[in-house]
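Trainee: Take this structure first; my questions come after.
Number of protein chains: 2
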Amino acid sequence: MLPPGSTIGILGGGQLGRMMALAAAPLGLRVHVYAPEDESPAAEVAARHTRGGYDDRPALAAFAASVDAITYEFENVPAACAALLAGLKPVRPGPKALEVAQDRLTEKDFVRALGIGTAPYAAAATAEEARAAFAALGAKAAIVKTRRLGYDGKGQARVASAEEAAAAVAAFAAPCILEGLVAFRQEISVVAARGADGRIEAYDPVENRHREGILRETLAPARLGAGAGAEAWRIAGAILEALDYVGVIGVEMFALPGGGLLVNELAPRVHNSGHWTMDACAVSQFEQHVRAVAGWPLKPALRFADCAMENLIGDEVERWPAIAAEPNAALHLYGKGEARPGRKMGHVNRLFPMGGRP
Amino acid sequence: MLPPGSTIGILGGGQLGRMMALAAAPLGLRVHVYAPEDESPAAEVAARHTRGGYDDRPALAAFAASVDAITYEFENVPAACAALLAGLKPVRPGPKALEVAQDRLTEKDFVRALGIGTAPYAAAATAEEARAAFAALGAKAAIVKTRRLGYDGKGQARVASAEEAAAAVAAFAAPCILEGLVAFRQEISVVAARGADGRIEAYDPVENRHREGILRETLAPARLGAGAGAEAWRIAGAILEALDYVGVIGVEMFALPGGGLLVNELAPRVHNSGHWTMDACAVSQFEQHVRAVAGWPLKPALRFADCAMENLIGDEVERWPAIAAEPNAALHLYGKGEARPGRKMGHVNRLFPMGGRP
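If you read the sequences in order, they're chains S and C. Just so we're aligned, residue -1 is where the first sequence starts under the working numbering, counting upward by one. Just so we're aligned, residue -1 is where the second sequence starts under the working numbering, counting upward by one.
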């Protein structure tokens, strides 16, 4: 257990790092943010900030020397950066989680190897492979995704023929994966944590609603059929165990009309679909993550209210005066300057009595 | 309403300023801490920090120029400092509250003028006046308190005769007040807020337990006789109105065996006996205060759990590993280095279901 006064290093200076830093402070833990930007939402509330690139080895080494443990707010930490840091200080979650989550093909192979379902998929690095993959999936439509570096719907294209698949892979000019479309009933996720002692705490599964590839709304708890909640927890737990994971993970799943679950994506970090825990649970995902990274015991991931989390994207943040006046709304703004289209500026958690969410 | 991106200036860099800064961040408000210390608990989580004395007029003017509204974490802000700042930017709560709360005699006169009871009291600036005051109180014992600058039991002495009273006033060598001892059943407090729009939100009255003049424990809610809770709210409300107050106030009271209430002390700021609100209420006293200072609407001061708040004083903070492992305990450490005797190092909020506190 890192004692109070220790320093957690965070790679990345966005809102997730900011909310981690705000959660670390009450535990008496200092935060050192490492990010390429000169100013950042996280740096504003952190004791220390280093501006540096993720390939700047001397700066990364100095950063590692100044902290007691290291975590990150985004899964695309370059492998060389993670390896360098992991040789100097504990990096949590560990490099294995990054390796799996950075490549959609590796991720799906990993999930399948655990006996957990995914959408049908096939790799395609060339136009020719894309045609073959589309045929192999045997679906009327598929999603072409770059294997690496996609987020918020970027690096994705929906295709309805082998030719469209070939064109998409050619346009991305990067190794891709084709995923067969799944007729799901709900998109859900489980945010769960595993402590350094192996204990797992999972929050209630939630339902997520996306628009244009960006999460818009999370409803807690998800209304699932009998047994699906326990199955979602079992899946998240199996993934945490297999990765020997320490920290919070977000596991996105499709809930099928027949009651089954397929894993869609892993996020080896605190997750947007866990923001509701800040106001509706005994411990937020951010404190839970900091506890895990610092080797502290986790807290029970208990929910005491229903919650609807709404992301404030771009100029939606201009609704802040009305939200500030809502009696049951907790506002969380990220301190970002310019409200560019598609930019996550904040979120609002609307609370309801247990069982009472709309 | 100050828009997100605005800056709140806070005088003082201790734990109260720190918790205000942590509450301001989710509202998108930046914090600039002004304090005499080079490093401080608040500065560590604030976007900006100025080291300066409360009599350093150029530094105070530059501070005022950099912020949009100003508040403070301690009531002993020098009057000249408050006046200078109030001429440059809104200072909330206003100078009137400071004037009343900085002098125990002024404070008691103010409370009495509202028709609210206090312990019997009499002023004494000299040994001779102390003898007369002790006699006038007609009590077997009294507390001699310096009129100004006392806190956490400092500047106080219990006396049992006119001669002891005279000696105490002579020893303090400062204008004093004698207060007759009150045979109270409980020490309670109400933490309440008044918004810039005049709306008042009061938290449930709580019971406070002191040792050696320092608050040790707050139990929420207080178990009061019929009508006493409403009367405590009425008293807090009358004081807020009379001061045309904006922000959070702590009103300490004695609950008498017969059911009556006497006001003991006002704290024109967030208050240690309101720390329980951080985990047991829909809005913490810190967010509520920041909302008031920024001209935002208050939120309903609703409680959703019972809570026992324990201060961690001096080396009590070394119990942190056990507290971190308690499932229903929320730990709040202040990031202070040295655990000196009597120093407030943190607090812990232990939650219980409504109606279930020990």
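Cβ coordinates follow ideal geometry from the N, Cα and C atoms, glycine included.
Which class does N309/C belong to by DSSP, given the choice of helix, strand or coil?
Mentor: The residue labelled residue 309/C in the question sits at position 311 within the second sequence. If DSSP states are grouped into helix, strand and coil, N309/C belongs with the strands.
Trainee: Any beta-carbon of chain S closer than 8 Å to the one on H30/C?
Mentor: If you number the second sequence from 1, residue 30/C lands on position 32. With 8 Å as the cut-off, H30/C does not count as an interface residue toward chain S.
Trainee: Give the residues of chain C in contact with F383/S, contact being defined as C-beta atoms less than 9 Å apart.
Mentor: No answer is possible for residue 383/S: it lies beyond the span of chain S, which begins at -1 and ends at 356.
Trainee: Keeping to the same chain, check which residues put their C-beta closer than 7 Å to that of H47/C; ignore five residues upstream and five downstream.
Mentor: Counted from its first residue, the second sequence places residue 47/C at position 49. If the five residues before and after H47/C are omitted, its C-beta is found closer than 7 Å to the C-beta atoms of V31, A41, all from its own chain and listed in chain order.
Trainee: Can you list, in chain order, the residues of its chain whose CB lies under 6 Å from that of A122/S, leaving out five sequence neighbours each side?
Mentor: Counting from 1 along the first sequence, the entry for residue 122/S is found at position 124. Excluding residues within five positions, the ones whose Cβ falls inside 6 Å are A128, A131, V167, C174, L176.
Trainee: Can you list, in chain order, the residues of its chain with a C-beta nearer than 8 Å to that of G257/S? Leave out the 5 residues immediately preceding and following it.
Mentor: Here the question's residue 257/S lines up with position 259 in the first sequence. Excluding positions up to five away in sequence, the list reads G223, A224, G225, A226.
Trainee: Between the stretch 311 to 325 of chain S and chain C, which residues of the former have a C-beta closer than 8 Å to a C-beta of the latter?
Mentor: If the cut-off is 8 Å between Cβ atoms, the stretch 311 to 325 of chain S has V315, W318, P319, A322, A323, P325 near chain C.
Trainee: Which bits of chain C does P371/S rub up against, with CB to CB less than 7 Å?
Mentor: Because chain S is modelled from -1 through 356, residue 371/S falls outside the range shown and cannot be assessed.
Trainee: Quick one: is D53/S buried, meaning 16 or more other Cβ sit within 10 Å of its Cβ, or exposed?
Mentor: The residue labelled residue 53/S in the question sits at position 55 within the first sequence. It counts as exposed.
Trainee: Along the chain, where does the alpha helix (DSSP H) containing T104/S start, and where does it finish?
Mentor: Translated into the one-based positions of the first sequence, residue 104/S becomes position 106. Per DSSP, T104/S belongs to the alpha helix (DSSP H) from 102 to 111.
Trainee: Rounding to the nearest angstrom, what Cα-Cα distance links A363/S and G293/S in this structure?
Mentor: The first residue shown for chain S is -1 and the last is 356, placing residue 363/S beyond what the model contains.
Trainee: Would you report the Cα separation of E37/S and G7/S, rounded to the nearest angstrom?
Mentor: The residue given as residue 37/S occupies position 39 in the first sequence. The residue given as residue 7/S occupies position 9 in the first sequence. In this structure, the straight-line span from the alpha carbon of E37/S to that of G7/S is close to 16 Å.
Trainee: Tell me whether the beta-carbon of A164/C lies closer than 8 Å to the beta-carbon of A120/C.
Mentor: Walking along the second sequence from the start, residue 164/C turns up at place 166. Walking along the second sequence from the start, residue 120/C turns up at place 122. Result no, Cβ atoms of A164/C and A120/C do not sit closer than 8 Å.
Trainee: Given that P298/C touches chain S, what residues does it touch there, using C-beta distances under 7 Å?
Mentor: Locating residue 298/C in the second sequence gives position 300, where the first residue counts as 1. Near P298/C (Cβ distances below 7 Å), the residues of chain S are P325.
Trainee: Of all the residues that make up the stretch 8 to 25 of chain S, which are near chain C by a beta-carbon distance shorter than 9 Å?
Mentor: Result list: R16, M17, A19, L20, A23, P24, L25.
Trainee: Within the stretch 235 to 315 of chain S, note down every full beta strand (DSSP E) run reaching 3 residues or more, in order along the chain.
Mentor: 245 to 253, 259 to 265, 304 to 311
Trainee: With a threshold of 8 Å between beta-carbons, can F61/C be considered close to chain S, or not?
Mentor: For the purposes of this step, residue 61/C is taken as the residue at position 63 of the second sequence. So no, F61/C is outside the interface.
Trainee: For A80/C, which residues in the same chain have their Cβ closer than 7 Å to its Cβ, ignoring the five residues on either side in sequence?
Mentor: Numbered from its first residue, the second sequence carries residue 80/C at position 82. Hits under 7 Å: V89, P93, L96.
Trainee: Give the interface partners of W274/C over in chain S, defined as CB-CB distance under 7 Å, in chain order.
Mentor: The residue labelled residue 274/C in the question sits at position 276 within the second sequence. Chain S residues near W274/C: none, gap ~14 Å exceeds 7 Å.
Trainee: Under the DSSP definition of a beta bridge, which residues are partnered with K342/C?
Mentor: For the purposes of this step, residue 342/C is taken as residue 344 along the second sequence, with counting starting at 1. According to DSSP, K342/C bridges with I311/C.
Trainee: A137/C and V157/C: beta carbons closer than 8 Å?
Mentor: One-based indexing of the second sequence puts residue 137/C at position 139. One-based indexing of the second sequence puts residue 157/C at position 159. Contact flag unset, no.
Trainee: Within this structure, are the beta carbons of A289/C and L300/C separated by less than 8 Å?
Mentor: To locate residue 289/C, count along the second sequence from 1; it is residue 291. To locate residue 300/C, count along the second sequence from 1; it is residue 302. This sequence places Arg at residue 289/C; Ala is not what is there. Cβ atoms of R289/C and L300/C: not closer than 8 Å.
Trainee: Looking at the unbroken alpha helix (DSSP H) that takes in I321/C, where does it start and where does it end?
Mentor: Counting from one through the second sequence, the residue named residue 321/C turns up at place 323. Its alpha helix (DSSP H) spans residues 318 to 322.
Trainee: Taking H330/C as the reference, give the member of G340/C, N347/C, A337/C, A320/C with the closest Cα.
Mentor: In the second sequence, counting from the first residue as 1, residue 330/C sits at position 332. Ranking the options by Cα distance to H330/C, first place goes to N347/C.
Trainee: So A45/C contacts chain S; which residues on that side make the cut at Cβ distance below 9 Å?
Mentor: Start at 1 with the first residue of the second sequence, and residue 45/C comes out as number 47. In chain order: A41, E42, V43, G333.
Trainee: What does the Cβ neighbour count give for K143/C, buried or exposed, with the cut at 16 atoms within 10 Å?
Mentor: In the second sequence, counting from the first residue as 1, residue 143/C sits at position 145. Classification for K143/C: buried.
Trainee: Who are K143/C's beta bridge partners in DSSP?
Mentor: Within the second sequence, residue 143/C is the residue found at index 145, counting from 1. In DSSP, K143/C forms a bridge with Q154/C, I175/C.
Trainee: Can you list the residues of chain S that G344/C reaches, using a CB-CB cut of under 9 Å?
Mentor: Position 346 of the second sequence holds residue 344/C. Correct list: P2, P24, G26.
Trainee: Taking DSSP's pairing of strands, which residues face T124/S in a bridge?
Mentor: Position 126 of the first sequence holds residue 124/S. In DSSP, T124/S forms no bridge with anything.
Trainee: Can you list the residues of chain S that P295/C reaches, using a CB-CB cut of under 7 Å?
Mentor: On the second sequence, position 297 is the one that residue 295/C refers to. Per Cβ cutoff of 7 Å: A322, A323.
Trainee: Determine, using beta carbons only, whether A220/S and I247/S come nearer to each other than 8 Å.
Mentor: Within the first sequence, residue 220/S is the residue found at index 222, counting from 1. Within the first sequence, residue 247/S is the residue found at index 249, counting from 1. No. Outside cutoff.
Trainee: For M307/C, would you say it is in contact with chain S, using Cβ-to-Cβ distances shorter than 8 Å as the test?
Mentor: Working through the second sequence from its first residue, we reach residue 307/C at position 309. Taking Cβ atoms only, chain S never reaches closer than 8 Å to M307/C, which makes this a no.
Trainee: Take Y332/C as the anchor and find which of S64/C, A234/C, Q286/C, P39/C has the nearest alpha-carbon.
Mentor: Position 334 of the second sequence holds residue 332/C. Measuring from the Cα of Y332/C, the nearest candidate turns out to be P39/C.
Trainee: Kindly list, in the order they appear in chain C, the residues whose Cβ is closer than 9 Å to that of F284/S.
Mentor: By one-based count along the first sequence, residue 284/S stands at place 286. Simply none; closest approach about 11 Å.
Trainee: Do T116/C and V261/C come within 8 Å of each other at the CB atom, strictly closer than that value?
Mentor: Counting from one through the second sequence, the residue named residue 261/C turns up at place 263. Counting from one through the second sequence, the residue named residue 116/C turns up at place 118. Contact flag set, yes.
Trainee: What residue range does the alpha helix (DSSP H) around R16/S cover?
Mentor: Start at 1 with the first residue of the first sequence, and residue 16/S comes out as number 18. 13 to 22 is the extent of the alpha helix (DSSP H) around R16/S.
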